[in-house]
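To start, the structure itself, in structure tokens.
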Amino acid sequence: MKWIAAAAFGSPAMAQAMAGHAGHMAMAAPADASNAVPPPPSYTPFPAPRHAALDQLVDIIIPADETPGAKQAGVTGFIEMMYQHWMDDAERQRCDAELDLVMAAFKTGDPAANLRDGGRFRAPTLRKLTIYGYYTSEVGASEELDLNLVPGAYDACAVIGRNDRAPSLNTWGISLSLTPSGAA
Amino acid sequence: MDADVIVVGSGISGGWAAKELTERGFSVLLLERGRNVVAGTDYTTEHLAPFQLPYRGFGDRQRYARDYKVQSKVAGLSDAIDHWFVNDTQNPYQTSPEAEFAWIRGYHLGGRSITWGRASFRLAPLNFAEAGQDGHGIPWPIGYDDLAPWYAHVERFIGVNGDRDGIPSLPDGEFMPPHGMNCVEEHMRDAVAQKMNGRRIINERSAVLTRQLGDRLPCHYCGPCIRGCSTGSYFSSESSTLPAAQATGRLKVMTDVVVDSLVYDPSGRRVTAVRVIDAKTRKRSTLGAKVVFLNASTLGSTQILLNSIDAGSGRSFANRSDALGRYLMDHVMGPFGIGTIPGFGDRQPLGNRPSGIYIPRFQNVATRDRPFARGYGYQGSASRQMWTRGADGEDIGAGLKHRLRQPGPWQIFIGGMGECMPYADNRVTLAKDTDPWGRPQLDVAFTWHANELAMAKDMAAEAQAMLHAAGATDFAVGDTLGPGGLAIHEMGTARMGADPAKAVLNAHNQCHDAANVFVTDGACMTASAAQNPSLTYMALTARAASFAADQMKQGVL
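In order, the protein sequences belong to chains A and B. First residue of the first sequence: 1, per our numbering; consecutive thereafter. First residue of the second sequence: 1, per our numbering; consecutive thereafter.
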């Protein structure tokens with residue numbers, strides 16, 4: 001994990017000098033609370049059977065191999081948090097319906113086959129959330145893929161080896177939409 | 001007198017006014033309506049990983065739906081940056097669905113200098129010559145040669161990287177070496193030049209250091225500049241102008257101070273005081289100075305002027321022309337092209353470059369060759385698709401995991417940015433409703449007209465042609481425009497012009513009707529051109545500050 005702490009880069013001396021001068025009525029002010037990063041919101045896990053089914057599903061979508069999978073990366077909790085604090089009603093209903101379908105499939109003799117409808121995976125919203133949750137988790141971003149928060153240099157077109165893993169970050173940030181593809 | 005000069009606003013242009021005036025020996029009181037921001041300490045999301053953010057960088061969507069209805073129209077508003085944007089519920093303004101304008105704002109020390117896109121292009125002689133000569137707008141009261149030395153002055157101080165490309169529609173400046181194109185961008189550059197009559201694709205010119213400049217360190221390529229930069233590697237008020245002003249010992253900064261209006265003395269035809277409101281206690285008071293610089297952002301400065309009533313006429317002292325509040329412009333932005341470029345699979349950029357490529361205006365340059373006036377450019381970049389592409393598939397399990405372990409295909413994106421014409425009916429006025437500080441709210445009305453719509457179609461068609469020339473597959477283009485404001489380049493509502501009957505400001509950004517009031521933010525723009533405007537605001541500010549300083553030294557002001 002190539003993760004250089006921000007503190008490795010000292011603030012410029014002149015920026016430090018600003019700290020003593022700018023402030024309300026020219027008085028020194030502490031860092032404003034508006035700039036503080038809030039903690040992750042607390043959430044209520046799904047009822048036990050649904051939580052267990054979601055655990056099982058994310059483990060099927062991104063399993064452990066030489067790196068941990070989605071279940072170990074805490075993706076179940078991520079989806080439950082997003083369900084409670086991020087989704088709108090229509091998206092919640094879609095997740096509920098997909099999880100119902102998944103639970104029904106798990107009760108059959110051939111869950112893998114029953115999670116599919118021809119070539120289509122029948123829980124696309126949960127699949128997408130699993131991917132977004134996994135690759136933004138510490139495990140997914142920094143063990144499965146390559147996390148380099150402060151590269152320190154730029155190589156416009158480096159040669160990559162077969163075993164190099166893709167970066168988990170980009171320049172602009174990553175947005176998430178649960179609008180089904182093809183919908184307006 | 002509280003200072004020789006009061007500067008209203010600490011963003012890109014206000015910081016420059018403070019620096020230039022204090023360095024010329026004058027005391028400056030800088031007023032910022034928002035909270036204090038301490039460089040470094042307050043860049044609290046800088047270098048945080050997604051899992052260190054409350055919503056992994058996907059944003060506090062339910063809060064945005066409630067309180068950030070306008071600001072969330074900005075692509076990518078997230079829990080990494082939402083503290084740099086205003087709460088719309090607490091900062092209301094009026095606009096209508098038929099003439100919607102998205103007013104994107106940040107109220108804190110440094111303003112939008114923290115969040116800007118850093119693209120730094122000069123206007124060209126052509127841009128100054130066209131205005132008022134082709135049936136749109138009025139002439140600039142200055143030409144390129146008036147501004148060229150000030151562009152150089154600004155570029156040397158802020159640190160702009162780029163190439164000297166020798167393109168008439170985009171004059172060269174004082175540059176550090178560019179970050180550089182990747183192999184796919186070079187491929188497109190060469191293909192477009194070869195197949196499209198020498199059309200140029202160049203390195204974007206941007207205010208991010210590639211060499212140390214004073215205390216400011218070169219870019220460390222973390223990527224999301226918008227979170228703030230503790231090494232001062234990109235230009236912001238915090239990294240550059242405010243420390244320089246502070247070093248003179250003549251700068252005083254007051255944060256959390258909202259300006260209500262200016263007190264006008266009709267007999268002296270000058271402003272005698274600034275009415276201010278404490279943002280927290282709402283206590284009102286006045287501050288005095290010889291000269292006032294308005295740098296409160298285009299609409300912020302216009303709001304202050306509209307609210308500065310001359311008792312004799314009953315209207316704003318600055319609005320004899322009836323141009324104040326009119327001729328609102330924003331860049332034509334939205335049309336784009338994106339395509340997959342086959343090959344180059346063994347290559348991958350390392351580090352997150354804070355800039356991209358630029359395609360300078362190629363329309364209506366030597367001859368009028370388009371069914372619309374003026375022109376547009378594109379910004380863009382090529383990159384490899386990342387793990388997010390997995391969401392489009394149907395695969396699960398080890399196969400999916402192994403597929404996403406490798407970078408995806410190369411994609412190239414270009415987005416247009418075009419000149420907007422000044423129209424009298426694109427305007428801001430004072431509404432009856434007041435804001436939480438008791439000031440009349442702004443009512444903003446903006447629509448795109450035929451010239452902009454024709455330009456948008458052309459942007460999409462040319463984007464497709466260039467992607468095709470580059471051998472792109474699976475390409476998509478768009479030609480639609482959203483509401484005005486989303487380029488976040490609003491400008492023109494207190495325009496410069498030689499004729500006091502048609503313009504608010506003269507050739508020195510001085511109010512025609514109050515010699516000691518200068519407006520040097522985007523409000524002053526006579527025409528928008530197609531280039532990202534911040535560098536021009538900075539150059540105009542430095543030039544006007546030099547003029548104001550000379551006038552004060554001569555005892556005229």
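Think of the CB as a built atom: it goes at the ideal place given N, C-alpha and C, for glycine as much as any other residue.
- Item | Closest residue to residue 42 of chain B among A:38, A:34, A:89 and A:49 (Cα-Cα distance) | A:34
- Query: What residues in the segment 219 to 238 of chain B have a beta carbon less than 7 Å from any beta carbon of chain A?
  - Reply: 220, 221, 222, 223, 224, 230, 231, 232 and 238
- Contiguous alpha helix (DSSP H) assignments of at least 4 residues, all confined to the segment 365 to 453 of chain B: 398 to 405
- Query: Going by Cα to Cα distance, which pick from B:529, B:7 and B:65 is closest to residue 332 of chain B?
  - Reply: B:529
- Message: Can you tell me where the beta strand (DSSP E) holding residue 517 of chain B begins and where it ends?
- Response: 514 to 519
- At a CB-CB cut-off below 9 Å, which residues of chain C make contact with residue 159 of chain A? Looking for chain C here will not work: the only protein chains present are A and B.
- Message: So if I threshold CB-CB distances at 7 Å, which residues from the segment 78 to 89 of chain B count as touching chain A?
- Response: 78, 80 and 83
- Message: Please tell me whether residue 544 of chain B and residue 509 of chain B are closer than 8 Å, where the distance is taken between their beta carbons.
- Response: yes
- Message: Since residue 36 of chain B and residue 255 of chain B should fall inside the 8 Å C-beta cutoff, what is the C-beta to C-beta distance between them, to a whole number of angstroms?
- Response: 4 Å
- Endpoints, the beta strand (DSSP E) within which residue 251 of chain B is located: 251 to 254
- Message: Per the DSSP calculation, residue 285 of chain B is bridged to which residue(s)?
- Response: B:276
- Message: Counting only C-beta atoms, is residue 151 of chain A closer than 8 Å to chain B at any point?
- Response: yes
- Give the secondary structure of residue 339 of chain B by DSSP, where H, G and I count as helix, E and B as strand, and everything else as coil. strand
- In its own chain, which residues sit with a C-beta less than 7 Å from the C-beta of residue 24 of chain A, not counting the 5 before and 5 after it? Summary for residue 24 of chain A: the model assigns pLDDT 32, below 50, so the residue's position carries little reliability, and this model does not support an answer.
- Using the C-alpha atoms, what's the distance from residue 88 of chain A back to residue 63 of chain B? 12 Å
- Output yes if chain B places a C-beta closer than 8 Å to the C-beta of residue 141 of chain A; else output no. yes
- Message: Check for me: the alpha helix (DSSP H) holding residue 106 of chain A runs from which residue to which?
- Response: 89 to 106
- So with Cβ pairs under 8 Å, would you call residue 180 of chain B a contact of chain A? yes
- Item | Partners in chain A for residue 388 of chain B, counting only beta-carbon separations shorter than 7 Å | 174
- Message: Check whether the segment 452 to 468 of chain B and the segment 297 to 315 of chain B touch, using three or more Cβ-Cβ pairs below 8 Å as the test.
- Response: no
- Rounded separation between residue 133 of chain A and residue 140 of chain A - CA only: 8 Å
- Task: Specify whether the segment 356 to 368 of chain B and the segment 221 to 238 of chain B touch according to this definition: at least 3 beta carbon pairs, one from each stretch, less than 8 Å apart.
- Result: no
- Item | Beta carbon proximity, residue 33 of chain B to chain A, threshold 8 Å | no
- Which of helix, strand or coil DSSP assigns to residue 269 of chain B: coil
- Is residue 121 of chain B near residue 205 of chain B, with beta carbons less than 8 Å apart? yes
- Less than 8 Å between the CB atoms is what I'm expecting for residue 202 of chain B and residue 358 of chain B, so what's the real figure, rounded? 5 Å
- Message: DSSP has residue 101 of chain B in a bridge; who is on the other side?
- Response: B:484
- Message: For a cutoff of 8 Å on Cβ pairs, would you count residue 554 of chain B as touching chain A?
- Response: no
- What residues in its chain sit with their C-beta under 8 Å from that of residue 160 of chain B, if we drop five residues either side in the sequence? 120, 173, 174, 175, 176, 205, 206, 207 and 535
- By Cβ distance below 6 Å, which residues in the same chain neighbour residue 421 of chain B in space, the five residues on each side in sequence not counted? 136 and 451
- Item | Min CB distance residue 406 of chain B to chain A below 8 Å | yes
- Option in B:404, B:496 and B:15 with minimal Cα separation from residue 109 of chain B: B:15
- At a CB-CB cut-off below 9 Å, which residues of chain B make contact with residue 135 of chain A? 50, 386, 387, 388, 390 and 404
- Task: Rounded to whole angstroms, what's the CA-CA distance from residue 52 of chain B to residue 292 of chain B? Just pull it up for me.
- Result: 43 Å
- Message: So, under 8 Å CB-CB, residue 104 of chain B and residue 84 of chain B are touching, yes? Tell me the CB distance rounded to an integer number of Å.
- Response: Their Cβ separation, rounded to whole angstroms, is 10 Å, which puts residue 104 of chain B and residue 84 of chain B out of contact at 8 Å.
- Item | For residue 382 of chain B and residue 187 of chain B, the rounded distance between their alpha carbons | 10 Å
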